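Numbering (my numbering), first residue to last: 14 to 119. Read through the structure below, which is laid out as structure tokens, and then see the notes.
If you want it as structure tokens, here you go:
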């Protein structure tokens, strides 16, 4: 493979540690990274004061791994997409509500 990049044959040795298999085993055992924060999506409306949105994101970062995203018109679909992507909760820039994903309302 090295020879393909430099244009001449080079003696080389390689080995495989089975990285994909190691990752698969960790996922099968629900391994969690120690000290990892829950993922939270902070949703903002199109007309929001973005400086205030970023300030709120900074405040939430003490407890969460925060991603700032525009709020979709169909929240249910956006919640499903975020949950499938591994997000645990959603917050809104225009209020103090935090919705935990994956919990059905009773």
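Note that beta-carbon positions come from the ideal geometry of N, C-alpha and C, so glycine has one too. This one's a predicted model, so the numbers in the text were calculated from it and none came from an experiment.
According to DSSP, residue 80 shares a beta bridge with 54. Shown here, residue 17 sits in a helix according to DSSP, grouped into three states. Non-local C-beta neighbours of residue 66 in its own chain, meaning closer than 8 Å and more than five positions away in sequence, comprise 55, 57, 81 and 106, ordered along the chain.
The beta carbon of residue 20 lies closer than 6 Å to none in the same chain, with the five residues before and after it left out. In the structure shown, residue 66 falls within a helical segment according to DSSP collapsed to helix, strand and coil.
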